[in-house]
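> As given, the protein sequences belong to chains B and A, one line each in that order.
Under this note's numbering, the first residue of the first sequence is numbered -12, with each subsequent residue one higher.
Under this note's numbering, the first residue of the second sequence is numbered 19, with each subsequent residue one higher.
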Amino acid sequence: MATVTSAPADVLITLVSDIGMQGEFASRTLEVTSSFLRTIEADGTESLRVELADIITARNEPLIGGGQMEVTCKGGVIIPVIAYSLTLAAAFSECARGIEQLAGGNPLSIKISTKPLRCQQCGRLLPDKDGTCPVCVNRNRTFYRIAGYLRPYFRQAMLLVVLSLCTTAINLVPPLLQGHLVDAVFNKHQHLIILYKTIALWAVVIGLTALLQIASGRTTAYLAGSIAADLRSAVFQAIELLQVSYFDKKQVGAITSRVTQDTDRVWGFLVDGLPYLASNSLLFLGITIMLIVTNWRLALAVMAPVPLMLILSAVSWSSISRLYFKVGQKWARFHMHLNEALTGIRVVKIFAREEAEMHKFRSRNGDLRSAGIEADTRWFTVFGAMTLLVASGQLINWIVGGEMVYAHEITLGQFIQVNSYIAMVYGPLQWFGDLNQWFSRAMAGAERIFEVIDAETEPYDDTDNHPPIVGRVEFNGVRFGYDKSNPVINGLSFVAEPGEMIGLVGKSGAGKSTTINLLCRFYQPDAGTISIDGVDYTEFQLQALRKQVGVVLQDPFLFNGTIAENIAYARPNAPFEEIVTAARQANAHNFILGKPDGYDTMVGEKGAQLSGGERQRISIARAILHNPRILILDEATSAVDVETERQIQEALANLVKGRTTFAIAHRLSTLRNADRLIVLEKGRIAEMGTHNELLEKQGVFYHLVQTQSQVTQIMEVGD
Amino acid sequence: MTPAQPRAQDLRLFCNPDTQLRLTVNDAISYTSVTPVWASPMRYPGRYLALLDGKGEEIVTLADPDELDEESLKAVKGILRKRTLTATVFAINQVKVEYGATYWTVETDRGIREFVTVNLQETANWLSDTHLLLCDVDGNRFEIKDATVLDVRSRTLLAKAL
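(1) Against chain B, with Cβ distances strictly below 7 Å, would leucine 70 of chain A count as a contact?
(2) Counting only C-beta atoms, is leucine 691 of chain B closer than 7 Å to chain A at any point?
(3) Would phenylalanine 546 of chain B be called buried (16 or more neighbouring beta carbons within 10 Å of its own) or exposed?
(4) Which of the three DSSP states is assigned to glutamine 23 of chain A in this structure?
(5) Which of the three DSSP states, helix, strand or coil, is assigned to aspartate 706 of chain B?
(6) Applying the criterion that 16 or more other CB atoms from any shown protein chain within 10 Å of the CB defines a buried residue, is asparagine 574 of chain B buried or exposed?
(7) Could you check how far apart the C-beta atoms of glycine 498 of chain B and valine 475 of chain B are, in whole angstroms? I think they sit under 8 Å.
(8) Counting Cβ pairs, one atom from each stretch, are 3 or more of them under 8 Å apart for the region 163 to 175 of chain A and the region 31 to 50 of chain B?
(9) To the nearest angstrom, how far is the alpha carbon of alanine 586 of chain B from that of isoleucine 566 of chain B?
(10) Let me make sure I understand the geometry here. Which of A/Glu76, A/Arg173, A/Gln27 has the alpha-carbon closest to that of leucine 186 of chain A?
(11) Residues bridged to tryptophan 144 of chain A by DSSP?
(12) Going by C-alpha distance, which of B/Thr516, B/Glu438, B/Gly331 is nearest alanine 221 of chain B?
(13) Given a cut-off of 7 Å, decide if isoleucine 65 of chain B and glutamate 57 of chain B are closer than it, judged by their beta-carbon atoms.
(14) For serine 4 of chain B, does the three-state DSSP call read helix, strand or coil?
(15) When we look at the beta-carbon of asparagine 282 of chain B and count the other beta-carbons within 10 Å, is it buried (16 or more) or exposed?
(16) Runs of 3 residues minimum, wholly inside the region 30 to 71 of chain B: which ones carry the beta strand (DSSP E) assignment?
(17) When you compare the CB positions of arginine 604 of chain B and isoleucine 554 of chain B, do they come within less than 7 Å of one another, or not?
(18) Below 7 Å CB to CB, which residues in the same chain sit around phenylalanine 509 of chain B once its five sequence neighbours on both sides are set aside?
(19) Look up glutamine 541 of chain B in the DSSP assignment and say whether it is helix, strand or coil.
(20) Starting from threonine 155 of chain B, trace the beta strand (DSSP E) both ways and give me its first and last residue.
(21) Unbroken beta strand (DSSP E) runs of length 3 or more, entirely within the region 290 to 333 of chain B: which are they?
(22) Within the same chain, show all residues whose beta-carbon is closer than 6 Å to that of alanine 673 of chain B, passing over the 5 residues directly before and after it, in chain order.
(23) Residue range of the beta strand (DSSP E) that glutamate 161 of chain A falls in?
(24) So is methionine 19 of chain A in contact with chain B if we call contact Cβ pairs under 7 Å?
(25) So which residues of chain A does leucine 24 of chain B contact, with C-beta pairs closer than 9 Å?
(26) Assuming leucine 103 of chain A and glycine 52 of chain B make a contact with CB atoms under 8 Å, what is their CB distance in whole Å?
(27) Taking 7 Å as the CB-CB limit, is aspartate 156 of chain A close to chain B?
(28) Arginine 654 of chain B by DSSP, collapsed to three states: which one?
(29) For the region 94 to 101 of chain A against the region 23 to 42 of chain A, do three or more pairs of beta-carbon atoms, one drawn from each stretch, fall closer than 8 Å, so that the two count as touching?
(30) What does a CB cutoff of less than 6 Å around alanine 557 of chain B pick up in its chain, not counting 5 residues either side in sequence?
(31) Please go through the same chain and pick out, in chain order, the residues whose beta-carbon is closer than 8 Å to the beta-carbon of glycine 400 of chain B, but skip the five residues on each side of it.
(32) If you pair each beta-carbon of the region 453 to 466 of chain B with each one of the region 148 to 161 of chain B, do three or more pairs fall below 8 Å?
(33) Are any of the Cβ atoms in chain B nearer than 7 Å to that of glycine 129 of chain A?
(34) To be precise: take each residue of the region 58 to 82 of chain B, compare its Cβ to all Cβ atoms of chain A, and keep it if any distance is under 9 Å. Which residues remain?
(35) Which residues in chain A sit within 9 Å of leucine 50 of chain B, going by Cβ to Cβ distance?
(36) So arginine 159 of chain A contacts chain B; which residues on that side make the cut at Cβ distance below 7 Å?
The structure is reproduced here in structure tokens:
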């Protein structure tokens, strides 16, 4: 090991790893210059140096819980360069690509993402590298942004505020009336008319309170419904326009929870939380003033337990909240098992695993019961302590206030009045303890919603400045990788003439589906271009381009609705006659007529009411009606019986006429009709030609056919 | 029929260079690049060691790797340690649960580490009643092989978090 004396002048890449030479957690630096790479230990010593001229390839070897960058040098020697945790995997992966570029004499063209691992403000590790620190999130900024959703309902919101103020004010009246009754009527034993007048006034107050409650309840219901709908629409609209790559990173369940749970949290706070906060704050203020006005010494005495309540609330809240969070987790596990057991009920029965599933259920149920009991027990204990403090406030009033009444320092009416106010003041206090957490949860939910709303969308616009597509597709040196350092498509070039049918062939992972994804512009090439009719397809308006591309998938997705609605999905206003014509061409018309409701048959969720072959023909009819110039058939005839396959093949023959078609098929024999086959291997074209040409050539395609034929024979013997 | 697999006694494993595991079977067949992997590291820790060739295909799976000779076992364990970056937790120094994220500071066989987890219901996996595997937000793994032998403070913090 040599001591580093000075840093080289032309360092092109510097990356700090978090795994040391012996696998320990330690800082270790990788530097890449134009002529060599080296690693530097935490103490500044250089532990490895490799000349770039000696490097043939650089790669990232996945390890368990991390990875290791390795370089292969001339002579085939593999040198492990540096290990890193998964936290840094993406950066080192990109770095390996850069090393290969430099070693190959190419200019460095990489983007190493160096997103902060810790919050700049509080230093905490960031749970989401793309997101914000949940602790330091600027709640005010987020608050103003979500408050913006109230803007369309400004008048209703203001009405709610006014109603809250009136409710608060009117709530302060009954104790005053009680005091007045006691002093003016009962104590003095005269003017019974005052009793009737006061009771009449009280009745008016009760009536007004009821009216105010109805009015604010109705306003709240309107606001709640409207804002919830607006928020959900905003999130769903954002999701619909997101790039496909966003869905690669997030689970559907997590996205769904943003549309449902997070929006619920936000509108719950806006519609319930804010008015409740306002009215309770006002009520607390009003009562405090009334108590001080009545007698400041008594006010101080009866409010003595207030700080204790606030402390108890603050201290106990986090543990109670954690326990209820745990209950939520147990519920989720419980639901997960229930859902799984019900969905897979046939499998459970066929393997006679009912008892095992029952055992698992009892275990989950027991966990849920224990968590629920623990949380409820803690809550009722704290609630009991709160009740004790509330009662002690009243007890103090009876002691201190009672003495004052006895000493004629206050009247009995004032005493009763204070007693009523005490009962009212402690309710809001219990709630204030939760306020910060409630607010924070709502703001955290809002942040997650805004993360979706602010995420980069696909480049949609309404203008379409291109004539209809003829269908000439050209891939020119296309390179693409989901992980940028690991290209799945590498230098792909070919031309598909209008109306030509191209079969894409290759082993799993060869790049067939990725080629299709690129063609649909779900992703765009990292390098090279895809042209349609000689124009770079990125210049086309996205929706206009996709309207010219039709897809028939192996497992077609149908929406819950009628058969006719599904066929007309791309053209909802298509005349019924055209729907029927498309169904006829797709060999679907007869089976549709065989259904009691014909074209109005509901297909169920994901088309579950139809067989696989029926779903497939509906999807073909959908593609026919869509009438695209470019067609993609992705394993469109697998997993159906021979007769159904014949019908589907016929339907497909109708569909592909005059369209540029790209077909992927598991059974290579089904691509016999393709004009040309492109055989892909590791993202490159291994062979290209007609079915017969490739068989005669006895190359990669020939071996694939041979292997498949052997497998088929084995399967037939097995049958 | 599955061909008979070589026995542990037939295998000689060694590193050459230090980072590359090689294998000879009965001093007749030689593999220049061998990757050792545990077939079932959670359910059967220390058992069922599979040796893969340069193409990632199985050469042999040993039910009891301890049957290997001492030198071979040492070579395999050395490579396995380099390939496995899972940290074994000895003590939990701090756990903080804030706004749905759990912040941990732990002492491990690889040193002290801070990490953050979310959604513990999915990322904290009890492999047995006492064996816990935690995965942080990036997928890094932290293993508590026996939660009952942790010190009292660590156990309390763990119970608080989970």
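Heads up, the beta-carbon is just placed ideally off N, CA and C, and yes, glycines get one too.
Reading it off the structure:
(1) Working through the second sequence from its first residue, we reach residue 70 of chain A at position 52. Contacts with chain B at 7 Å (Cβ-Cβ) do not include leucine 70 of chain A.
(2) Walking along the first sequence from the start, residue 691 of chain B turns up at place 704. With a threshold of 7 Å between beta carbons, leucine 691 of chain B makes no contact with chain A.
(3) Position 559 of the first sequence, counted from the first residue, corresponds to residue 546 of chain B. Phenylalanine 546 of chain B should be labelled exposed.
(4) Translated into the one-based positions of the second sequence, residue 23 of chain A becomes position 5. If DSSP states are grouped into helix, strand and coil, glutamine 23 of chain A belongs with coil.
(5) For the purposes of this step, residue 706 of chain B is taken as the residue at position 719 of the first sequence. The predicted position of aspartate 706 of chain B is uncertain, since its pLDDT is 46 and thus under 50; no value can be drawn from it.
(6) Translated into positions along the first sequence, residue 574 of chain B becomes position 587. Per the 10 Å Cβ criterion, buried.
(7) For the purposes of this step, residue 498 of chain B is taken as residue 511 along the first sequence, with counting starting at 1. For the purposes of this step, residue 475 of chain B is taken as residue 488 along the first sequence, with counting starting at 1. Confirmed, about 5 Å.
(8) Cβ pair count under 8 Å is below three, so no.
(9) Residue mapping note: residue 586 of chain B aligns to position 599 of the first sequence, counting from 1. Residue mapping note: residue 566 of chain B aligns to position 579 of the first sequence, counting from 1. Reading off the sequence, residue 586 of chain B comes out as tyrosine, not alanine. Each residue's CA atom was taken as its position, placing tyrosine 586 of chain B and isoleucine 566 of chain B some 9 Å apart.
(10) Given that chain A is displayed from residue 19 to residue 180, the structure contains no residue 186 of chain A and the question cannot be resolved.
(11) Position 126 of the second sequence, counted from the first residue, corresponds to residue 144 of chain A. Note: tryptophan 144 of chain A sits in a beta bridge opposite A/Leu150.
(12) As a position in the first sequence, residue 221 of chain B is number 234, starting the count at 1. Of the listed residues, the one whose Cα sits closest to alanine 221 of chain B is B/Glu438.
(13) Looking up residue 57 of chain B in the first sequence gives position 70. Looking up residue 65 of chain B in the first sequence gives position 78. In this structure, glutamate 57 of chain B lies near isoleucine 65 of chain B, with their beta-carbon atoms less than 7 Å apart.
(14) Taking the first residue of the first sequence as 1, we reach residue 4 of chain B at position 17. Here DSSP, grouped into helix, strand and coil, assigns serine 4 of chain B to strand.
(15) The residue given as residue 282 of chain B occupies position 295 in the first sequence. Buried is the call here.
(16) Segments of the beta strand (DSSP E) lying fully in the region 30 to 71 of chain B: 32 to 38, 42 to 50, 53 to 60.
(17) In the first sequence, the residue the question calls residue 604 of chain B occupies position 617. In the first sequence, the residue the question calls residue 554 of chain B occupies position 567. Not in contact: arginine 604 of chain B and isoleucine 554 of chain B (Cβ atoms no closer than 7 Å).
(18) Against the first sequence, residue 509 of chain B aligns to sequence position 522. Sequence-distant partners of phenylalanine 509 of chain B (beyond 5 residues in either direction) whose C-beta falls short of 7 Å from its own C-beta, in its chain, are Val231.
(19) The residue labelled residue 541 of chain B in the question sits at position 554 within the first sequence. Reduced to three states, the DSSP call for glutamine 541 of chain B is coil.
(20) Residue mapping note: residue 155 of chain B aligns to position 168 of the first sequence, counting from 1. Segment 141 to 158 is the alpha helix (DSSP H) holding threonine 155 of chain B; no beta strand (DSSP E) there.
(21) Runs of the beta strand (DSSP E) inside the region 290 to 333 of chain B: none found.
(22) On the first sequence, position 686 is the one that residue 673 of chain B refers to. Only Val666, Val687 meet the Cβ criterion.
(23) Along the second sequence, one-based indexing puts residue 161 of chain A at 143. Residues 159 to 162.
(24) For this step, residue 19 of chain A is matched to residue 1 along the second sequence. In this prediction, methionine 19 of chain A scores a pLDDT of 45, lower than 50, which makes its location untrustworthy; the coordinate-derived value is nonetheless stated afterwards. No, methionine 19 of chain A lies away from the interface with chain B (no Cβ there is under 7 Å from its Cβ).
(25) Locating residue 24 of chain B in the first sequence gives position 37, where the first residue counts as 1. Result: empty, since nearest Cβ-Cβ is about 16 Å, beyond 9 Å.
(26) Translated into positions along the second sequence, residue 103 of chain A becomes position 85. Translated into positions along the first sequence, residue 52 of chain B becomes position 65. With a contact defined as Cβ atoms closer than 8 Å, leucine 103 of chain A and glycine 52 of chain B qualify at about 4 Å.
(27) By one-based count along the second sequence, residue 156 of chain A stands at place 138. For aspartate 156 of chain A, the answer is yes, since a Cβ of chain B falls inside 7 Å of its Cβ.
(28) The count along the first sequence starts at 1 and reaches residue 654 of chain B at position 667. Three-state result, arginine 654 of chain B: coil.
(29) In short, these stretches touch, since the Cβ pair count reaches three.
(30) Counting from 1 along the first sequence, the entry for residue 557 of chain B is found at position 570. These residues qualify, in order along the chain: His613.
(31) Stepping through the first sequence from its first residue, residue 400 of chain B is reached at position 413. Excluding positions up to five away in sequence, the list reads Gln165, Gly166, His167, Leu168, Val169, Asp170, Ala171, Asn174.
(32) No, the region 453 to 466 of chain B does not touch the region 148 to 161 of chain B.
(33) Translated into positions along the second sequence, residue 129 of chain A becomes position 111. Yes, because at least one Cβ of chain B sits closer than 7 Å to the Cβ of glycine 129 of chain A.
(34) Contacts with chain A (Cβ-Cβ distance below 9 Å) from the region 58 to 82 of chain B involve Val64, Ile65, Ile66, Pro67, Ala70, Tyr71, Ser72, Leu73, Thr74, Leu75, Ala76, listed in chain order.
(35) Taking the first residue of the first sequence as 1, we reach residue 50 of chain B at position 63. Contact note: leucine 50 of chain B reaches chain A through Lys100, Arg101, Thr102, Leu103, using a C-beta cutoff of 9 Å and chain order.
(36) Looking up residue 159 of chain A in the second sequence gives position 141. The answer, in chain order, is Gly52.
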